[in-house]
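Notes for the one structure printed next.
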Amino acid sequence: MINKIMFTCCFAILGLQMSIAQLRLPAIFGDHMVLQQKQINPVWGWATPGETITVEINGQSQTTKSDLKGNWKVKLMPLPVGGPYRLNIAGEKSKFFFDDVLVGEVWICSGQSNMEWPVKNTNSAELAILTANAPNIRLITVPRVGTDQIKNDFEGAWTACTPESVKDFSAIGYFFGRRLCDALNVPIGLIDDSWGGSAAEAWVNKDILLKDPKYNDLMAWWKDKELHYNYELEVTNWKKSLEAWEALPSGLRNTPRPQRPGDLMSGNQRPANIYNGVLHPTIGYGIKGVIWYQGESNAGRAYQYRDLFPLMIQNWREEWGQGDFPFYYVQLADFQKETDMPGESSWAELREAQTMTMDRLSNTGQAVIIDLGEGRDIHPRHKQTVADRLARWALAKDYNKGILFSGPTYQTMQIDKGKIILTFNNVGQGLYAFDTPEPKGFAIAGEDKRFEWAEAKIISSTQMEVWSDHISNPVAIRYAWADNPVCNMYSRDGLPMIPFRTDDWPGITFGKTSR
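One point on numbering: in this note's numbering, the residue at position 22 of the sequence shown is 1211, and numbering is uninterrupted.
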């Protein structure tokens, strides 16, 4: 009996050693994948320590040896666009290949629920799915894994775009990729690693956050949570809240149905959780750039987001080692109740933080969708238009297509006889007030910092005049400064004006550095 147990244990250990030593690659590599054109593409994996590995594709051969831990990596020189190619990987005792490999443009589609939102839940979903036979577009989704431990792999596989494979894929990602594929006539690879409800700090390497004193309060809050968090108690409290909510007559239920809490420690808010479990397994894969839609979960700390969002982008760029690759993102849409009077707004402050990122980091761009929100729904269904505005940035900036990529952008302010003269750039064919002759959404303030709605008119293709009979000496102006602003300014090319303010008076999220 003892011998039998010993044999079983030895066999199990041997099997584990064989499993560890087996030549393999992470799931980001596989049949139907797309490799990035016009640049070096790293390929990596695991093998027996000291094993010689050879990778071949399209007549190119690269050889290396695995290190003492069995890790190996080769770098493929730039490949001709197109395909399909076969990628051969050979070790000393085993070999295999990946078929139907294409070379084109690879983009990561990341963020929270509005990026995660699937094609099947968008406007005109039925038609979009029906027409999604696009074999030159390839899709892969990274599962949602939140952890404090670095992961090097995930469960997933590349697939060609079909009506069946696209319906659960990121809608913005797919529509963005479709625009690029049609405009460029090259294969497109889309990596969807979005996670609904995620906070920006969950996407950042923990070491980066710990080194920066700006995040001391945030990290201290989480350290305390890690010491005292009780998931079972959270569930018990949720059940009590749910019972109380269900006991109310339906007409008195003024709040949403209480949602079962997720495990905070493995969830999408904890610093570095998503970086570890979702992003890290893809870092280093050859990409063109990133599209991003996130910010709702950080709106309560908008001033902190001014630094946190650029920090996240820099962290990704440094770890990818591909330089300042394009990073295009969506500004928050209009959402929640409209207000009768000008006031403060956390969402407006978050939008401002997003706009500031373009000035702080090169090769970034912002798709403004202040006109696409649905007020009562945090998930606008017009994902095609969102994707189109992101695609404009990529097509103009990265593929030299010569199209307008931004709406009117505030440039300067002058005060003349109690009126404010505004000058804008990125106006295309000129400024335009949609739906009504009068521009809407402007508020001005005097030295007392009290804002009043203002009248406005377009005085040239690039300038506007704004005033209020109640404020004779204006010092500041704001446009679309609300959670859900009533505003109507565009360029005649159909791109909305970027919300802005000229003052720097502390807002309602100033000084908020923790949850």
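C-beta: ideal position from N, C-alpha, C; glycine also.
- For residue 1505, the enclosing alpha helix (DSSP H) covers residues 1491-1509.
- Distance from the CA of residue 1211 to the CA of residue 1701, rounded to the nearest whole angstrom, comes to 50 Å.
- Residue 1694 counts as exposed, since fewer than 16 other beta carbons sit within 10 angstroms of its beta carbon.
- Secondary structure remark: continuous beta strand (DSSP E) runs of at least 3 residues inside the segment 1600-1644, in chain order: 1608-1614, 1620-1622, 1631-1634, 1640-1642.
- As DSSP reads the structure, residue 1307 sits in a beta bridge with 1359.
- In the structure shown, the three-state DSSP call for residue 1298 is strand.
- Taking the CA atoms as reference points, residue 1575 sits about 7 Å from residue 1558.
- If you draw a 10 Å sphere on the C-beta of residue 1377, you find 16 or more other C-beta atoms in it, and that means buried.
- Residue 1327 carries a strand assignment under DSSP once its states are collapsed to helix, strand and coil.
- Assignment of residue 1562 by DSSP, reduced to helix, strand and coil, places it in the coil class.
- With fewer than 16 other beta carbons inside 10 angstroms of its own, residue 1424 counts as exposed.
- For secondary structure counted as the beta strand (DSSP E) over 3 or more consecutive residues, the segment 1405-1487 holds these complete runs in sequence order: 1478-1482.
- Close CB contacts of residue 1586 within its chain, under the 7 Å cut and outside five residues either way in sequence, are with 1515, 1554, 1594 (chain order).
- It is roughly 46 Å from the alpha-carbon of residue 1604 to the alpha-carbon of residue 1394.
- Under the 10 Å beta carbon count, residue 1675 is surrounded by fewer than 16 other beta carbons and is classified as exposed.
- By DSSP's assignment, residue 1401 forms no beta bridge with any residue.
- Rounded to whole angstroms, the Cβ separation of residue 1562 and residue 1524 is 5 Å, and the two are in contact under 8 Å.
- For residue 1350, the secondary structure class from DSSP, reduced to helix, strand or coil, is strand.
- In this structure, residue 1293 sits near residue 1223, with a CB-CB distance shorter than 7 Å.
- Considering only 1688, 1339, 1451, 1239, the residue with the shortest C-alpha distance to residue 1465 is 1339.
- Judged by DSSP secondary structure, residue 1686 falls outside any alpha helix (DSSP H); it is assigned neither H nor E.
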